[in-house]
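Take the position in the sequence shown, starting the count at 1, then add 566; the result is the number in the numbering used here.
Ideal Cβ positions, reconstructed from N, Cα and C, are used throughout, including at glycine.
In what follows, a single structure is set out as structure tokens and then discussed.
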Amino acid sequence: MSDRRPEPGTPAGSDRRPEPGTPAGVPDWVPLRDELRGEEPYGAPQIDVPVRLNTNENPYGPSEATADDIASSVRAAALDLNRYPDREAWGLRTALADYLSREVAGLDANRVWAANGSNEVMQQILQAFGGPGRTALSFAPTYSMYPEYARNTHTRWVAGQRRDDFGIDADSAVALIEAEQPDVVFLTSPNNPTGTALDPLHTRAVLEAAPGIVVVDEAYAEFRRAGTPSALELLAQFPRLVVTRTMSKAFALAGGRLGYLAADPAIVDALRIVRLPYHLSSVTQAAAEAALRHAPELLAQVDGLRVERDRTAQRLHDDGFTVAESDANFVLFGTFSDRHAVWQGLVDRGVLVRETGPLGWLRVSIGTPDEMHAFHTALQEVTDVEAR
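The following block contains the structure:
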């Protein structure tokens with residue numbers, strides 16, 4: 567490693583300020599961990615275009631009534647910001663348990679945990695159950711942050727492969743689990759970036775085979791089609807099951823950064839060991855509780871997004887594209903010999919989608935009807951040009 571230093575009087579990195587969304591890079595003189603050399607921070611492109619359909623956000627913001635409730639709740643919390651927040655977030659966890667109890671009975675605050683986005687929830691899980699000498703396992707293609715959580719916690723990472731239809735082959739999954747004996751298994755339903763919901767029989771097969779914790783990441787659960795079960799129904803049978811959710815998507819609270827999980831109380835207590843002191847601010851707790859009070863209104867928008875998702879998938883199929891079945895608020899479609907050229911062509915026409923997933927595929931988040939019309943129009947123009 568070079569011991570090159572910045573010139574005296576020059577702020578570190580001031581000679582190479584990156585464009586927005588461009589990694590700055592870490593110079594050799596910074597004593598970064600060796601395994602982090604050459605790595606780039608996670609992030610989707612943030613480009614100022616009229617139609618942004620790349621980060622699976624809810625296109626409908628909170629109503630005036632919800633925003634007013636959040637604002638008044640945050641103001642009340644602000645009057646007490648000289649004090650630390652409720653370390654255990656009991657009020658919020660109780661409200662989350664009440665919300666989840668609409669799907670499965672028997673949940674209370676002792677079985678629910680919350681953190682700053684589901685990202686922090688996942689990291690805490692690997693801090694508690696992963697680490698040096700331990701293994702985490704999932705099935706690709708899936709959420710790209712999982713191996714980064716493993717890397718950051720010094721957890722060995724193993725990736726099995728999904729079928730061509732992006733489902734999981736239960737026999738292969740069980741065989742890999744028996745061979746690797748992972749401490750943590752990540753399942754994702756609906757899966758990101760494919761939108762695929764897990765067959766509940768396959769989930770059960772993994773739970774029966776896994777020797778450690780099984781995490782079923784249900785960040786997009788509220789968008790699943792009618793009749794698609796949640797792993798919440800299996801909590802009573804499998805004490806090592808953890809079901810994670812987020813308020814970023816269905817609750818239109820991506821800016822609020824609130825993720826949570828349901829699990830056995832002993833699992834929750836284990837996570838309390840690794841959490842940072844007062845990890846959830848009073849402001850975050852107040853905003854999330856206010857949003858939960860307006861759950862019926864916010865979830866009503868989800869019904870419309872489901873309809874728009876199915877309409878989008880059908881139109882893409884009718885236009886000749888291959889479309890992955892989706893239970894989420896996005897659609898994976900393809901395939902393209904040069905997907906980057908298609909992605910760039912859409913950006914040039916004011917539409918931003920995500921270049922992610924298997925080679926040749928693109929992912930579009932579901933927006934408003936007007937946004938989806940703009941997307942389809944731009945895509946038709948780009949593919950017409952590509953076909954010439």
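Would you say Ala832 and Gly672 are within 8 angstroms of each other, going by their C-beta atoms?
Result no, Cβ atoms of Ala832 and Gly672 do not sit closer than 8 angstroms.
One or two residues paired with Asp783 in a DSSP bridge:
Thr754 and Thr810
With a 10 Å radius around its C-beta and 16 neighbouring C-beta atoms as the bar for buried, classify Ala631 as buried or exposed.
exposed
Near Gly956, what residues of its chain come up, given a Cβ to Cβ distance below 6 angstroms and the 5 sequence neighbours on each side ignored?
This structure cannot speak to residue 956, because the chain is shown only from 567 to 954.
Exposure of Leu647, with buried meaning 16 or more beta-carbon neighbours within 10 Å:
That one is exposed.
Using a C-beta cutoff of 8 angstroms, does Val917 count as contacting chain C?
This model lacks chain C altogether; it includes just one protein chain.
Could you give the uninterrupted runs of the beta strand (DSSP E) lying entirely in the stretch 652-739, keeping only those of 3 residues or more?
678-681, 701-706 and 722-727
Outcome for Glu601 when other beta-carbon atoms lying within 10 angstroms are tallied against a minimum of 16
Exposed is the call here.
Under the three-state DSSP convention, the category Ser957 falls into
Given a span of 567 to 954 for the chain in the structure shown, any question on residue 957 remains unanswerable.
Same chain, Cβ closer than 7 angstroms to Leu658, neighbours up to 5 away in sequence not counted
Ala680, Gln851, Ala854 and Glu855
Nonlocal neighbours in the same chain, by C-beta distance under 7 angstroms from Ile839, ignoring five residues either side
The answer, listed in chain order, is Ala694.
Please state whether DSSP places Leu764 in a helix, a strand or coil.
Three-state DSSP puts Leu764 in coil, outside helix and strand.
Per the contact definition of three or more C-beta pairs closer than 8 angstroms, is the stretch 684-704 in contact with the stretch 774-783?
Yes, they touch.
Could you tell me which residues DSSP pairs with Ser629 in its beta bridges?
Paired residues: none, contrary to the question.
Compare the C-alpha of Arg790 against each of Thr762, Val772 and Phe817 and name the closest.
Thr762
Given 8 angstroms, three or more beta-carbon pairs between the stretch 909-925 and the stretch 870-884:
no
Where Ala637 falls, given that 16 or more other Cβ within 10 Å makes a residue buried:
exposed
Sort out for me which residues DSSP pairs Ser931 with in a bridge.
Looking at the DSSP output, Ser931 sits in a beta bridge with Phe896.
Straight-line gap, Val897 to Ser814 (C-alpha atoms, nearest Å):
18 angstroms
Spatially closest choice to Arg653 from Ala894, Ser847, Glu947 and Val809, by CA coordinates:
Nearest neighbour of Arg653 by Cα position, chosen from Ala894, Ser847, Glu947 and Val809, turns out to be Ser847.
So, at 6 angstroms on beta carbons, what are the nonlocal neighbours of Val908 in its own chain, with the 5 sequence-adjacent residues on each side left out?
Phe902 and Val948
Let me know the secondary structure DSSP gives Val917 once reduced to three states.
strand
What separation, rounded to the nearest whole angstrom, lies between the Cα atoms of Asp635 and Val951?
Asp635 and Val951: Cα-Cα distance of roughly 49 angstroms.
Smallest Cα separation from Pro748: which of Trp723, Pro924, Pro756 and Phe732?
Trp723
DSSP three-state call for Arg823: helix, strand or coil?
coil
Per DSSP, what kind of secondary structure is Val951 in: helix, strand or coil?
helix
Counting pairs of Cβ atoms below 8 angstroms between the stretch 728-746 and the stretch 754-772, do you hit three or more?
yes
Cβ neighbour criterion (16 or more within 10 Å) applied to Glu774
exposed
Return the bridge partner residues of Arg603 from the DSSP annotation.
DSSP, once it has assigned bridges, lists no residue as partnering Arg603.
Would you identify the three-state DSSP class for Ala637, choosing helix, strand or coil?
Helix, per DSSP.
Please determine if the stretch 611-620 and the stretch 916-933 are in contact, where contact requires at least 3 C-beta pairs separated by less than 8 angstroms.
yes
Might you give, ordered along the chain, the residues of its own chain that have their beta carbon closer than 7 angstroms to the beta carbon of Tyr626, omitting 5 neighbours on each side?
Ala818 and Gln867
Cβ-based burial, Leu666 [other Cβ within 10 Å; buried from 16]
Buried.
Thr888 bridges to which residues according to DSSP?
Gly900
Please state whether the Cβ-Cβ distance between Leu864 and Pro713 is less than 8 angstroms.
No. Outside cutoff.
Rounded separation between Asn624 and Asp936 - CA only
14 angstroms
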